[in-house]
Amino acid sequence: MKSVVIIGYGPAGISAAIYLKRQGIEPLVIGKDLGALEGYESEIENYYGLPNPILGKDLIRNGIEQAKHLGIEVITDSVISVKSLEDGFTVITPHAQYETKVVLLATGKTRRTMHRAGFSKFKGKGISMCATCDGYFYRRKKVAIIGCGPYMMHELEYLRKISSDITIFTDGNPLNYEVDVPVVTEKIVEFIGDEKLSAIKTESQIYPINGVFIALGIPSSVEFASQLGVIIEKNNLQVDENYMTNVPGLFAAGDVIGGKLQIAKAVYDGMNAADAIYQYLAHN
Ligand SMILES: Cc1cc2nc3c(=O)[nH]c(=O)nc-3n(C[C@H](O)[C@H](O)[C@H](O)COP(=O)(O)OP(=O)(O)OC[C@H]3O[C@@H](n4cnc5c(N)ncnc54)[C@H](O)[C@@H]3O)c2cc1C
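Letter by letter, the sequence shown follows residues 308 to 591 of this note's numbering.
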C-alpha cells in the first residue's frame with residue numbers, strides 16, 4: 308500500500324509532492340494534462356522568480372520536471388474513480404489501481420458541461436453528473452449514459468444495479484467498447500421536458516428518458532468527492548484548517564477548494580497540505 312497518492316500535477320499537487328518528499332514520504336503523483344493552463348497561450352508574469360514572462364504551460368511542465376528530478380514518481384494517467392477502503396482508498400485509472408492510506412485531490416477546477424439546449428435547465432432535474440450519487444433516484448426507470456470511454460463503462464457498471472433499462476448515447480463519438488445495452492451514436496440536439504427531463508432528442512429521433520448521467524471525458528474531483536460523501540459548497544470541496552475533507556485521509560488543495568484561483572495560492576495550499584498529511588500519517 309502507498310502512503311500518499313496525489314491526483315493532479317499542477318502547482319498544488321507538485322508543491323505538495325515536493326514538501327512530502329522532503330519529509331521522507333514517497334508520494335505517487337498522477338496527472339492527465341496541464342490543468343487550468345492546458346490549451347491556453349497565457350503568459351505568467353505575477354509569480355515569484357520569473358525575470359521574463361513564461362508561458363503558463365511551460366511553468367507547469369517545469370514543475371513536473373522538477374518533481375521528477377527530485378526522484379518523485381510522476382505518471383500520466385486519468386483517474387476515473389476513488390473508492391474508500393477500511394484503512395485508506397483505492398485510486399482507479401483505466402490502466403491500474405493503487406491502494407493508498409491518503410489521497411490528495413489537487414485536480415483544479417473543472418466544470419463539465421454540454422452546450423446543448425436544455426442542459427442547464429435540467430441539470431439536477433434529470434441530468435446528473437454522478438451515478439453513485441444520484442443513481443438511486445432512478446431505480447427501475449429509463450436511464451441514459453452519455454459517454455464513450457472508460458468513465459462511461461464505470462458508470463454503466465454501477466447503474467446496472469439500479470436499472471435494467473439503460474441506453475448509451477455517444478453523442479457522435481465512436482464507442483470503443485462492446486456493450487450489451489442499446490447504443491445511440493447520433494449527436495444529441497436537445498434535452499426535453501417540462502419541470503423535469505423526459506426525453507433526449509437526437510438528430511433524427513426523440514428517446515423518452517427519466518435520468519441522464521453525463522460520463523464524458525474524465526470525472527472531475529467534484530465527482531470523486533461526491534462519490535465519497537465529501538461536503539461540497541458552490542463547486543468547492545470543503546476542507547478544515549488541515550486541508551482535510553470530512554472524509555478522514557482525503558485531503559484537497561489548490562483551485563479545487565476555492566479561494567483565490569492563482570498559482571501562488573495553489574503552491575501555498577500544496578505546502579500546507581503536505582505538512583498536514585505528514586502529521587496525519589504519523590498518527591494513523
Ligand atoms: C487562461 C488562464 C490564465 C491564468 N493565468 C494565471 C496567471 O497569470 N497567474 C496565476 O497565478 N494564475 C493564473 N491562472 C490560474 C492558475 O492556472 C490556477 O490557479 C492554477 O493552475 C491552479 O493550480 P492547481 O494545481 O490547483 O490546478 P491545475 O493547475 O488546474 O492542475 C490540475 C491538475 O489535476 C489533474 N487532473 C484533473 N482531473 C484529473 C483526473 N481525473 N485524473 C488525473 N489527473 C487529473 C490535471 O491533469 C492537472 O495536472 C490562470 C488560469 C487560466 C485558465
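Ideal Cβ positions, reconstructed from N, Cα and C, are used throughout, including at glycine.
Rounded straight-line distance, which links the Cα of residue j to that of residue i
i      : j      : result
Val312 : Thr477 : 31 Å
Asp576 : Leu466 : 36 Å
Met436 : Pro358 : 43 Å
Pro489 : Ile475 : 6 Å
Val455 : Gly524 : The sequence given here places Cys at residue 455; Val does not occur at that position. In a straight line, the C-alpha of Cys455 is about 8 Å away from that of Gly524.
His422 : His461 : 23 Å
Ser391 : Leu588 : 17 Å
Lys449 : Lys432 : 14 Å
Leu412 : Glu502 : 35 Å
Val574 : Ser470 : 44 Å
Asn268 : Ala403 : Past the edges of the chain, shown from 308 to 591, lies residue 268, and the structure says nothing about it.
Tyr585 : Ser310 : 10 Å
Thr383 : Pro457 : 16 Å
Tyr443 : Gln534 : 13 Å
Ile564 : Lys508 : 36 Å
Glu510 : Leu344 : 34 Å
Ile499 : Ala438 : 20 Å
Val336 : Phe426 : 34 Å
Gly370 : His376 : 10 Å
Met551 : Lys494 : 41 Å
Beta-ladder partner(s) of residue i, from DSSP
i      : result
Gly500 : Leu504
Lys390 : Thr397
Gly518 : Val450
Glu372 : Partner(s): none; Glu372 has no beta bridge.
Thr383 : Gly338
Val311 : Val409
Check whether residue i and residue j have beta carbons under 8 Å apart
i      : j      : result
Ile521 : Ala506 : no
Thr414 : Ile314 : yes
Ile473 : Leu463 : yes
Glu350 : Ile361 : yes
Met308 : Lys408 : yes
Ala580 : Ala374 : no
Gly338 : Gly556 : no
Val519 : Leu504 : yes
Identity of the residue in the options nearest residue i by Cα
i      : options                        : result
Tyr405 : Leu327, Leu544, Val389         : Val389
Leu568 : Gly342, Arg329, Gln330         : Gly342
Met578 : Lys309, Gly317, Ile325         : Ile325
Ile399 : Leu412, Lys430, Ser385, Val537 : Ser385
Val496 : Leu504, Ile513, Tyr484         : Ile513
Ala560 : Pro457, Gly425, Lys572         : Lys572
Tyr354 : Gly346, Tyr347, Gly363, Glu348 : Gly363
Glu530 : Gln330, Cys440, Glu345         : Cys440
Tyr484 : Glu372, Phe558, Met459         : Met459
Residue i - DSSP class collapsed to helix/strand/coil
i      : result
Gly378 : coil
Tyr316 : coil
Tyr445 : helix
Ile538 : coil
Ile570 : helix
Glu485 : coil
Gly338 : strand
Met421 : coil
Thr509 : strand
Gln586 : helix
Thr439 : helix
Ala559 : strand
Ile321 : helix
Proximity test, residue i beta-carbon vs ligand 2 heavy atom, cut-off 7 Å
i      : result
Ser349 : This structure does not include ligand 2; its bound ligands are ligand 1.
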